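Residue numbers (our numbering), protein chains in the order written: chain A, 1 to 244; chain B, 1 to 278.
These notes concern the structure reproduced below.
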Amino acid sequence: MSDDPTQEVKFISSLLTPPDEYYNRSPKGEHYLEEVDEAVVIPVGKKIRFLITANDVIHSWWVPDFAVKKDAIPGFVHEAWAVVEEPGIYRGKCTELCGKDHGFMPIVVKAVEQAEYETWLAMKQQEALQVYETVGKTWSMAELMETGEQVYAQACQSCHQPNGQGIPPAFPSLVGQGLAIGPIDAHIDIVVNGKPGSAMQAFAAQLNPAEIAAVVTYERNAWGNNVGDLVQPRAVNALISSEE
Amino acid sequence: MSAVIENHHDDHHHGPDKGLMRWVLTTNHKDIGTLYLWFSFIMFLTGGCMALVIRAELFQPGLQLVVPEFFNQMTTMHGLIMVFGAVMPAFVGLANWLVPMMIGAPDMALPRMNNYSFWILPFAFSMLLSTLFMEGGAPNFGWTFYAPLSTEYAPPSVTFFIFAVHLMGISSIMGSINIIATVMNMRAPGMTYMKMPLFVWTWLITAFLLVAVMPVLAGAVTMMLMDINFGTSFFDAAGGGDPVLFQHVFWFFGHPRSLYHDSASLWCCVSNHSNFRS
Ligand code: HEM
Ligand SMILES: [Cu+2]
Numbered sequence: 001m002s003d004d005p006t007q008e009v010k011f012i013s014s015l016l017t018p019p020d021e022y023y024n025r026s027p028k029g030e031h032y033l034e035e036v037d038e039a040v041v042i043p044v045g046k047k048i049r050f051l052i053t054a055n056d057v058i059h060s061w062w063v064p065d066f067a068v069k070k071d072a073i074p075g076f077v078h079e080a081w082a083v084v085e086e087p088g089i090y091r092g093k094c095t096e097l098c099g100k101d102h103g104f105m106p107i108v109v110k111a112v113e114q115a116e117y118e119t120w121l122a123m124k125q126q127e128a129l130q131v132y133e134t135v136g137k138t139w140s141m142a143e144l145m146e147t148g149e150q151v152y153a154q155a156c157q158s159c160h161q162p163n164g165q166g167i168p169p170a171f172p173s174l175v176g177q178g179l180a181i182g183p184i185d186a187h188i189d190i191v192v193n194g195k196p197g198s199a200m201q202a203f204a205a206q207l208n209p210a211e212i213a214a215v216v217t218y219e220r221n222a223w224g225n226n227v228g229d230l231v232q233p234r235a236v237n238a239l240i241s242s243e244e
Numbered sequence: 001m002s003a004v005i006e007n008h009h010d011d012h013h014h015g016p017d018k019g020l021m022r023w024v025l026t027t028n029h030k031d032i033g034t035l036y037l038w039f040s041f042i043m044f045l046t047g048g049c050m051a052l053v054i055r056a057e058l059f060q061p062g063l064q065l066v067v068p069e070f071f072n073q074m075t076t077m078h079g080l081i082m083v084f085g086a087v088m089p090a091f092v093g094l095a096n097w098l099v100p101m102m103i104g105a106p107d108m109a110l111p112r113m114n115n116y117s118f119w120i121l122p123f124a125f126s127m128l129l130s131t132l133f134m135e136g137g138a139p140n141f142g143w144t145f146y147a148p149l150s151t152e153y154a155p156p157s158v159t160f161f162i163f164a165v166h167l168m169g170i171s172s173i174m175g176s177i178n179i180i181a182t183v184m185n186m187r188a189p190g191m192t193y194m195k196m197p198l199f200v201w202t203w204l205i206t207a208f209l210l211v212a213v214m215p216v217l218a219g220a221v222t223m224m225l226m227d228i229n230f231g232t233s234f235f236d237a238a239g240g241g242d243p244v245l246f247q248h249v250f251w252f253f254g255h256p257r258s259l260y261h262d263s264a265s266l267w268c269c270v271s272n273h274s275n276f277r278s
């Protein structure tokens with residue numbers, strides 16, 4: 001976390017289509033598999049430069065209406081640009097096979113008038129400020145568990161599975177074994193820094209310290225893991241800052 | 001004169017071995033061509049079954065029959081089997097049958113190697129198909145197997161896939177050397193290069209291309225093997241490597257292979273036949 005939390009706006013855009021739709025348990029919506037919770041917001045009438053990279057495998061950022069299709073390559077930054085004239089919602093998809101969830105990672109770009117863009121930006125900066133403050137406060141176990149469950153569902157369960165059992169040997173189980181019931185420092189470390197050379201990536205850039213603290217606490221106390229300890233976001237933040 | 005020679009029969013039976021051994025031991029270019037064509041057909045059906053799974057799943061939107069992991073295994077294996085197991089052996093089979101006949105040669109120049117090139121293939125593809133039954137499943141990263149999806153994020157069976165690709169490469173290179181040797185040395189008197197049928201010409205060129213590019217593919221999979229098992233970082237930016245290097249190396253192989261090999265042979269089959277008819 002930088003000292004001025006409003007300097008950059010961070011968000012993760014995830015699939016919004018509920019699993020019930022792709023498991024055929026409920027009718028499919030209009031934008032089935034083409035809707036996200038956090039669209040990329042850009043102003044119209046301006047030249048926008050997109051910098052594209054990846055943190056795991058190769059993906060490809062494709063928005064046909066912008067005539068942009070750029071590979072997103074881990075460790076490299078590609079750029080593309082577009083001037084969008086019409087306000088509206090533009091949809092795209094990942095177009096480089098990136099694993100089992102390749103079909104579940106749409107792109108949504110929302111082009112808005114400059115004024116609306118500025119409102120959005122201000123709102124995002126406000127949110128960043130809030131996160132900054134929540135990291136400072138002392139969390140209760142219940143709060144950590146609640147947030148942790150959400151973070152886990154969004155960031156971890158594609159590999160470690162909703163029940164924590166993983167898909168051994170590729171993705172280890174977190175239940176009743178290993179770091180999730182072992183020393184908490186090592187547990188935090190693997191989530192913050194990942195494990196080089198494995199699919200377990202570093203989450204320090206993707207999750208904020210509160211989310212990391214919450215998900216670690218959650219893993220230690222969910223699915224019958226009853227370690228009983230917890231970690232405060234403050235401590236995670238201190239760890240990340242000390243490593244920077 | 002000794003009795004031994006008097007009792008010797010010069011007319012003992014010469015033909016091929018009987019039964020299965022005829023096919024296992026054959027050095028006859030037509031037999032081997034037939035083996036290649038049957039092998040190709042079996043692989044076509046195998047890959048076709050996988051295509052059926054793919055299409056059945058895609059019949060309607062939503063997850064119908066298989067989970068995404070398995071779906072990706074099906075597309076990957078379908079692609080690999082069709083490209084390396086159906087199309088390539090089909091053209092080698094045709095080459096085995098036709099090249100000697102078209103240039104007036106009694107057989108291929110290196111008949112035992114011909115037998116060996118073919119018999120590697122069933123082993124290579126058994127190994128590839130066996131990955132379907134392994135823990136973590138078969139290769140699931142697409143037939144172009146881009147790193148790091150095929151290295152850091154691959155199922156453990158990727159090592160078997162790599163070895164299978166090596167075997168296919170060995171088979172292909174030996175087959176190509178055989179075709180080059182045959183065309184350059186075994187033409188009948190009067191069969192000059194300019195009189196050689198188009199099919200033979202395309203195969204001569206294709207064979208040179210294959211000898212040049214199959215080792216590059218072998219290099220790509222060997223680099224994968226090193227990245228996965230021996231801690232190198234050819235394709236990992238975190239260690240100073242470059243994931244795009246994989247794509248360059250792969251397509252150095254894949255581009256000539258797919259375009260010139262498959263299409264050149266195909267179109268020259270077509271043009272040969274239309275020549276005969278016109
Ligand atoms: C039996 C008839 C065939 C059918 C029904 C069929 C069907 C399909 C389908 C549906 C896909 C797309 C899978 C996806 O990405 O969603 C596919 C991919 C592919 N097919 Fe076929 N196919 C057939 C024959 C062939 C043949 C003869 C070849 C030989 C060159 C071939 C080579 C490929 C390749 C290379 C891919 C891409 C695989 C990948 O993305 O890794 N197919 N096929
Ligand atoms: Cu993708």
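Virtual Cβ for every residue (Gly too), placed ideally from N, Cα, C.
If you're wondering where the values come from, they're calculated on a predicted model, not measured in any experiment.
Quiz item: Given that a residue counts as buried once 16 or more other Cβ atoms are within 10 Å of its Cβ, and exposed if not, what is Leu-239(A)?
Solution: Translated into positions along the first sequence, residue 239(A) becomes position 239. Around the beta carbon of Leu-239(A), 16 or more other beta carbons lie within 10 angstroms, which makes this residue buried.
Quiz item: Who are the Cβ neighbours of Met-50(B) in its own chain at under 6 Å, not counting the five residues just before and after it?
Solution: Translated into positions along the second sequence, residue 50(B) becomes position 50. These residues qualify, in order along the chain: Met-74, Met-77 and His-78.
Quiz item: Taking 7 Å as the cut-off, does the CB of Trp-143(B) come closer than this to any heavy atom belonging to ligand 1?
Solution: Here the question's residue 143(B) lines up with position 143 in the second sequence. Within the cutoff, so yes.
Self-check item: Asp-242(B) (DSSP reduced to helix, strand or coil)
Solution: Translated into positions along the second sequence, residue 242(B) becomes position 242. When secondary structure is reduced to three states using DSSP, Asp-242(B) falls in the coil class, being assigned neither helix nor strand.
Practice problem: Name the two residues that bound the continuous beta strand (DSSP E) containing Cys-49(B). | Solution: The residue given as residue 49(B) occupies position 49 in the second sequence. Here Cys-49(B) belongs to no beta strand (DSSP E); instead the alpha helix (DSSP H) covers 29-58.
Self-check item: Chain-ordered chain A contacts of Tyr-146(B) [CB-CB under 7 Å]
Solution: Taking the second sequence and counting its residues from 1, the one referred to as residue 146(B) is at position 146. At a C-beta separation below 7 Å, Tyr-146(B) has these neighbours in chain A: Ile-58.
Quiz item: For Val-109(A), which beta-bridge partners are listed by DSSP?
Solution: As a first step, residue 109(A) must be located in the first sequence, where it is residue number 109. Looking at the DSSP assignment, Val-109(A) forms a beta bridge with Val-40(A) and Tyr-90(A).
Practice problem: Name, going along the chain, the residues of the region 76-108 of chain A whose beta-carbon falls closer than 9 Å to a beta-carbon of chain B. | Solution: Result list: Phe-76, Glu-96, Leu-97, Cys-98, Gly-99, Lys-100, Asp-101, His-102, Gly-103 and Phe-104.
Quiz item: Rounded to a whole number of angstroms, what is the C-alpha to C-alpha distance between Asp-101(A) and Ala-210(A)?
Solution: To locate residue 101(A), count along the first sequence from 1; it is residue 101. To locate residue 210(A), count along the first sequence from 1; it is residue 210. Computed Cα separation, rounded: 26 Å.
Quiz item: Expressed to the nearest angstrom, what Euclidean distance is found between the alpha-carbon atoms of Gln-232(A) and Thr-138(A)?
Solution: Here residue 232(A) refers to the residue found at position 232 of the first sequence. Here residue 138(A) refers to the residue found at position 138 of the first sequence. When rounded, the distance between both Cα atoms is 7 Å.
Quiz prompt | Residue-chain proximity (Ile-73(A), chain B), Cβ-Cβ < 8 Å | solution = To locate residue 73(A), count along the first sequence from 1; it is residue 73. Chain B places a beta carbon closer than 8 Å to that of Ile-73(A), counting this residue as a contact.
Quiz item: Bridge partners of Val-261(A), per DSSP?
Solution: This structure cannot speak to residue 261(A), because chain A is shown only from 1 to 244.
Exercise. Could you please give the first and the last residue of the uninterrupted alpha helix (DSSP H) stretch that includes Trp-81(A)?
Key: To locate residue 81(A), count along the first sequence from 1; it is residue 81. Premise fails: Trp-81(A) lies in the beta strand (DSSP E), 78-83, not in any alpha helix (DSSP H).
Practice problem: Pick out whichever of Ala-111(A), Lys-110(A) and Cys-94(A) has its Cα sitting closest to the Cα of Gly-103(A). | Solution: Translated into the one-based positions of the first sequence, residue 103(A) becomes position 103. Considering only alpha carbons, the answer is Cys-94(A).
Quiz item: Taking the alpha-carbon positions, what's the Ile-299(A) to Lys-69(A) distance?
Solution: Lying before the first or after the last residue shown, residue 299(A) is absent from chain A, which here runs from 1 to 244.
Quiz item: Would you report the Cα separation of Gly-169(B) and Pro-122(B), rounded to the nearest angstrom?
Solution: The sequence position of residue 169(B) within the second sequence is 169, counting from 1. The sequence position of residue 122(B) within the second sequence is 122, counting from 1. Spanning the two alpha carbons is a distance of roughly 13 Å.
Practice problem: Work out the CA separation of Val-57(A) and Ala-154(B) for me, nearest whole Å. | Solution: In the second sequence, the residue the question calls residue 154(B) occupies position 154. In the first sequence, the residue the question calls residue 57(A) occupies position 57. Approximately 11 Å, taken between the alpha carbons.
Quiz item: Among Ser-117(B), Ile-120(B), Val-158(B) and Ile-54(B), which residue has its Cα nearest to the Cα of Met-134(B)?
Solution: As a position in the second sequence, residue 134(B) is number 134, starting the count at 1. Among Ser-117(B), Ile-120(B), Val-158(B) and Ile-54(B), the Cα nearest to that of Met-134(B) belongs to Val-158(B).
Quiz item: In whole angstroms, what separates the C-alpha of Gly-175(B) from that of Asn-114(B)?
Solution: Within the second sequence, numbered from 1, the residue matching residue 175(B) stands at position 175. Within the second sequence, numbered from 1, the residue matching residue 114(B) stands at position 114. Each residue's Cα considered, the two are about 6 Å apart.
Quiz item: Is the CB-CB distance between Leu-149(B) and Gly-99(A) below 8 Å?
Solution: On the second sequence, position 149 is the one that residue 149(B) refers to. On the first sequence, position 99 is the one that residue 99(A) refers to. Yes, the Cβ-Cβ distance between Leu-149(B) and Gly-99(A) is below 8 Å.
Practice problem: Anything in chain B within Cβ reach of Ser-14(A), meaning under 7 Å, just list it in chain order. | Solution: Reading the first sequence from its first residue, position 14 is the one you call residue 14(A). Chain B residues near Ser-14(A): none, gap ~17 Å exceeds 7 Å.
Self-check item: Alpha-carbon to alpha-carbon, Met-184(B) and Val-249(B)
Solution: The sequence position of residue 249(B) within the second sequence is 249, counting from 1. The sequence position of residue 184(B) within the second sequence is 184, counting from 1. One C-alpha to the other measures close to 30 Å.
Quiz item: Mapping DSSP to helix, strand and coil, what is Gln-64(B)?
Solution: Indexing the second sequence from 1 puts residue 64(B) at position 64. Residue state, collapsed to three classes: coil.
Quiz prompt | Validate contact between the region 116-125 of chain A and the region 187-206 of chain A using beta carbons, cut 8 Å, 3 pairs | solution = The answer is no - the region 187-206 of chain A does not touch the region 116-125 of chain A, with fewer than three Cβ pairs under 8 Å.
Quiz item: Who does Phe-50(A) pair with in a DSSP beta bridge?
Solution: Walking along the first sequence from the start, residue 50(A) turns up at place 50. Looking at the DSSP assignment, Phe-50(A) forms a beta bridge with Ala-80(A).
Quiz item: Alpha carbon to alpha carbon, how far is Trp-286(B) from Asn-28(B)?
Solution: A question about residue 286(B) goes unanswered here, because the residues of chain B that appear run from 1 up to 278.
Quiz prompt | Option in Met-101(B), Ala-220(B) and Leu-98(B) with minimal Cα separation from Phe-163(B) | solution = Here residue 163(B) is taken as the residue at index 163 of the second sequence, counted from 1. Nearest option by C-alpha distance: Ala-220(B).
Quiz item: So with Cβ pairs under 8 Å, would you call Pro-18(A) a contact of chain B?
Solution: As a working note, residue 18(A) is residue 18 in the first sequence. No, because no Cβ of chain B sits closer than 8 Å to the Cβ of Pro-18(A).
Quiz item: Which residue's Cα is closest to the Cα of Met-141(A): Arg-25(A), Val-9(A), Ser-241(A) and Ala-214(A)?
Solution: One-based indexing of the first sequence puts residue 141(A) at position 141. Among Arg-25(A), Val-9(A), Ser-241(A) and Ala-214(A), the Cα nearest to that of Met-141(A) is on Ala-214(A).
Exercise. Tell me, please, whether the region 12-32 of chain A touches the region 62-70 of chain B by the rule of three or more beta-carbon pairs shorter than 8 Å.
Key: Yes: at least three Cβ pairs fall under 8 Å.
Quiz item: Cβ of Glu-243(A) less than 8 Å from any chain B Cβ?
Solution: Taking the first residue of the first sequence as position 1, residue 243(A) is located at position 243. Judged by the 8 Å Cβ criterion, Glu-243(A) is not in contact with chain B.
Quiz item: Given 8 Å as the limit, is there contact between the region 189-209 of chain B and the region 233-242 of chain B, that is, 3 or more CB pairs closer than that?
Solution: Output reads no: the region 233-242 of chain B does not touch the region 189-209 of chain B.
Quiz item: So, is Val-236(A) buried or exposed, given that buried needs 16 or more other C-beta atoms within 10 angstroms?
Solution: As a first step, residue 236(A) is located in the first sequence; it is residue number 236 there, counting from the start. Per the 10 Å Cβ criterion, buried.
Quiz item: Taking Cβ-Cβ distances shorter than 8 Å, what residues in chain A pair up with Asn-229(B)?
Solution: Taking the first residue of the second sequence as 1, we reach residue 229(B) at position 229. Near Asn-229(B) there are no residues of chain A at all, since even the closest Cβ is about 11 Å away, more than 8 Å.
Quiz item: With a cut-off of 8 Å, does the C-beta of Ala-238(A) fall near any C-beta of chain B?
Solution: To locate residue 238(A), count along the first sequence from 1; it is residue 238. Cβ-Cβ to chain B under 8 Å: no for Ala-238(A).
Quiz item: Mind checking if Ser-2(A) is an interface residue toward chain B, Cβ cutoff 8 Å exclusive?
Solution: Stepping through the first sequence from its first residue, residue 2(A) is reached at position 2. Because the pLDDT of Ser-2(A) is 43, which lies under 50, any placement of that residue in the model is unreliable, and the number read from its coordinates should be weighed accordingly. Cβ-Cβ to chain B under 8 Å: no for Ser-2(A).
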